[in-house]
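A quick write-up on the structure given underneath.
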Amino acid sequence: MILGWRRSLQRSLIRTLKTLISQSCERPQPYLSPQLVNLAISKCPSDLISLSFFLWAARQPNYFHDPSSFDLMVPVVDRLSDRFGNVSGIVDELESIGCARKAQALLVLMRVYWRGDLYSLALEAFDQMRSRSFVPNTFARNIAVDILFKTGHFDLALRFFKETSFPNFITFNIVISNICKYGAWWSVGVLLREMIDRGFWPNSGTYAMVLDCFHKEGRIMELLQLLGFMTVLGEQFSVAIWTILIDMYRKIGNLDMAGKLFGKMLESGCSPHVVTYTTLIKGFLESNMHDELFDLLDVMIANGCEPDLVLYNILINSLCKIRRYDDAISVFWDLHCRNIRPDSYTLSSLISALCLSGRLSLFPKLVVGSDVTVDLVLFNSLLTFLCKAGFPSQAVDFYIDKVSEGIVPDEYSYSRLLNALCSSGRTEIAIKFYGEIVAKNKNVDSYIHTIILDGLIKKGKLPKAIQIFRQGILENYHLDVVSYTVAICGLFQDGRFEEARNLYDQMKQSGIVPNMHTYNVMISGMCKVKDVRAVRQLLGEMRMAGLEMDCISFNKIIGLLIKMHRVHSAFQMYMAMCHSGVKPNRATYSLLLKGLSHAFDGQVGDLQNDFKANIFTCPTDVVLLAKFFCGPTQSVKF
């Protein structure tokens, strides 16, 4: 009784709504507008009545629903689906309030679900058509094909497409679009030929999709063949097609051809958009043509094409990579002046520039107050900044707050937190947290082990660091050459020379190859104990490994020779250093002065000032000077 009364009321409301809309319009035909339909949907208190009215409006002559109307209906049908359980339940309720059972109602429902990415419900509506003895038309099948592609049912989608009796232009465009997204370039050409054979001529959008697919998959030959086909047919190149061509030559390193194509594009009367300019700017960045880059940027702005966020992000990130931090910061200022809202990637790149350039004081002015959602990338960048800026306690608090808000940390986040805990003196908490990390995943990146080792050693906790390191060896953790080098360096610093040497040998036996930093640490340690034989052996290993001595290793050996009062040999080592192309630094000259000071009982006088003034630019002059004052001495050869 109550249910019947409610349905009667609903039918009455629908009739009233239709009458009011008819009376509100002055023109008899067409008397519906998207604005009126949207207003009625948004004001209607009943979802079922809203859907009924929406279906009624779709049946009116010469009226087609606007995309905004479909957007308004998405939450309506979603609520109805939750309320009645399935599409069949919704259709039954519509029939109970006077809506006739028609295929069009299911098709409209299908379109709404499709619009709202409610794919399972859209396919259910399609199945309802067939179960109610309706034959889905091409439009319905097009939607089903698109959904099958988007939900990963590639083979089923292709079979569905082939079973479509009367495919149209949209059918082929949907299939080609999805196949291009999958990167299945070998199928695209076949479909394009079939499309043309059936009398459906591709438009510029179709061509652009296929060309972009060939471009992304590196199929240059196929791309050029299609371009030749288009040229023969007299097809006009759109801005998207020109951009694809320019980017193709940019990627293969032929920036000259990319520039020529850009000129031809302008001659054809096609105006480049921001993506076109971005492609060329990326090419200039990759070729270190920075002056040309900024000239093109000026031309772009002068032609009324405004930079977008993607271009700014590329500029800031690329300038950071080539260490032009001031330029990167200036680009960010320009973005700010143009009222373009940065995203997490922008801020991450900017924070990297501030950290690497040492201009941390600009952080409050540039970053604080930015209304940007903190994602994992920005989360890690902010942790890095807080640690480098000397705020480890704040880094720990920030980590706790954001994780409690739902951020899922990764291994880099763990490393930043371990660094912050150690830097703030909370080593016990750091050790406990490290234990939890390796308990969950024994294959954690070696960087995690290195961070905890380095942090503990810097805080004077070498015994605990070595204990953790040796436990890692026993547990077969991923320890790399950096991890071993940090442990060896810590042992040397603590005066445990023999233990450091044994760990170095153990590292080599485990198959880990020393790098330049490892050799420098070992040379430094052996120089401290004046073990010339060990130093000579290490230099031999370096030569066998194809590694050349750098300034650090030269300086260590020069220092050892001076300690051994072999000043002449120290100057010979200096000469060898210069002849090898390694540039001496202040430490090198300081060591040489120290050697001369020892030789003359501290009486170096004006010679010290000459060294500081860099008068002796020729290494031969320095060695001759040493020979003159020191005379022939026994050399220590390395």
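Count the sequence shown with this note's numbering and you get residues 504 to 1141, in order. C-beta atoms are modelled at their ideal positions from N, C-alpha and C, and glycine is treated no differently. Computed from a predicted structure; not experimentally measured.
- Message: For a minimum of 4 consecutive residues, which ranges assigned as the alpha helix (DSSP H) are wholly contained in the region 526-605?
- Response: 537-546, 550-561, 570-587 and 590-599
- Message: Measuring straight from C-alpha to C-alpha, what distance separates residue 800 and residue 888?
- Response: 30 Å
- Item | residue 621 burial status per 10 Å Cβ neighbour count (16 or more: buried) | buried
- the region 801-811 in contact with the region 820-829 per 3-pair CB rule at 8 Å: no
- Query: Cα separation between residue 1148 and residue 758?
  - Reply: Outside the displayed range of the chain (504 to 1141) lies residue 1148, so it cannot be described from this structure.
- Message: Give me the residue from 911, 952 and 898 with the minimum Cα distance to residue 929.
- Response: 898
- Task: Within 10 angstroms of the Cβ of residue 693, are there 16 or more other Cβ atoms? Answer buried if so, exposed if not.
- Result: exposed
- Message: Quick check on the DSSP output: the alpha helix (DSSP H) that includes residue 633 runs from which residue to which?
- Response: 622-634
- Do you know how far the Cα of residue 779 is from the Cα of residue 454? Beyond the ends of the chain as shown, which are 504 and 1141, falls residue 454; an answer cannot be given.
- Excluding the five sequence neighbours on either side, which residues of its own chain have a C-beta within less than 8 Å of the C-beta of residue 608, listed in chain order? 558, 594, 597 and 602
- Nearest-angstrom Cα separation, counted from residue 551 out to residue 539: 18 Å
- Quick one: using the 10 Å Cβ neighbour count with 16 as the cut-off for buried, is residue 527 buried or exposed? Confidence in residue 527 is poor, its pLDDT being 47 and thus under 50, which makes the residue's placement too unreliable to answer from.
- Task: Compare the beta carbon distance of residue 577 and residue 618 with 7 Å and say whether it is the shorter of the two.
- Result: yes
- Residue from 944, 1053 and 890 whose Cα sits closest to the Cα of residue 927: 890
- Message: Only counting the same chain, and skipping five residues up and downstream in sequence, which positions put a Cβ closer than 6 Å to that of residue 892?
- Response: 863
- Does the beta-carbon distance from residue 883 to residue 915 come in below 7 Å? yes
- Message: Ignoring anything shorter than 4 residues, give me the alpha helix (DSSP H) runs that lie fully in the region 953-986, in order along the chain.
- Response: 965-977
- With distances taken between CB atoms, is the gap from residue 681 to residue 641 smaller than 7 Å? no
- Task: Check whether the Cβ atoms of residue 742 and residue 773 lie closer than 7 Å to each other.
- Result: yes
- Message: Quick test of your reading: residue 777 and residue 814, contact by CB under 8 Å. State the CB separation rounded to the nearest angstrom.
- Response: 6 Å
- Task: Keeping to the same chain, check which residues put their C-beta closer than 6 Å to that of residue 849; ignore five residues upstream and five downstream.
- Result: 816
- Exposure label - residue 867; buried when at least 16 CB within 10 Å: exposed
- Would residue 710 be called buried (16 or more neighbouring beta carbons within 10 Å of its own) or exposed? buried
- Spatial neighbours of residue 1056 within its chain, please: CB distance less than 6 Å, with the 5 preceding and 5 following residues excluded, ordered by chain position. 1023 and 1026
- Task: Just confirm the distance between the C-beta atoms of residue 663 and residue 644, as a whole number of angstroms; I'd bet it's less than 8 Å.
- Result: 7 Å
- Excluding the five sequence neighbours on either side, which residues of its own chain have a C-beta within less than 8 Å of the C-beta of residue 905, listed in chain order? 877 and 882
- Item | Closest residue to residue 739 among 900, 707, 561 and 1091 (Cα-Cα distance) | 707
- Query: CB of residue 974 to nearest heavy atom of the ligand PLP: below 6 Å?
  - Reply: Judged by which ligands are present, the structure shown has none, so any question about the ligand PLP falls away.
- Message: I need the DSSP call for residue 846, collapsed to helix, strand or coil.
- Response: coil
- How would you label residue 665, buried or exposed, when you count the other beta carbons within 10 angstroms and need 16 or more for buried? exposed
- Which runs of the alpha helix (DSSP H), 4 residues or longer, sit entirely within the region 805-839? 812-824
- Task: Only counting runs of 4 or more residues, tell me where the alpha helix (DSSP H) segments fall wholly within the region 889-955, in order along the chain.
- Result: 895-907, 914-926 and 930-943
- Residue closest to residue 879, alpha-carbon to alpha-carbon, out of 790, 857, 734 and 908: 908
- Ignore the nearest five residues each way along the sequence and tell me which others in residue 612's own chain have a CB closer than 6 Å to its CB. 628
- Item | Proximal residues to residue 713 (C-beta, below 7 Å), its chain only, five neighbours per side dropped | 679, 683, 691, 695 and 729
- Can you tell me where the alpha helix (DSSP H) with residue 1021 in it begins and where it stops? 1019-1031
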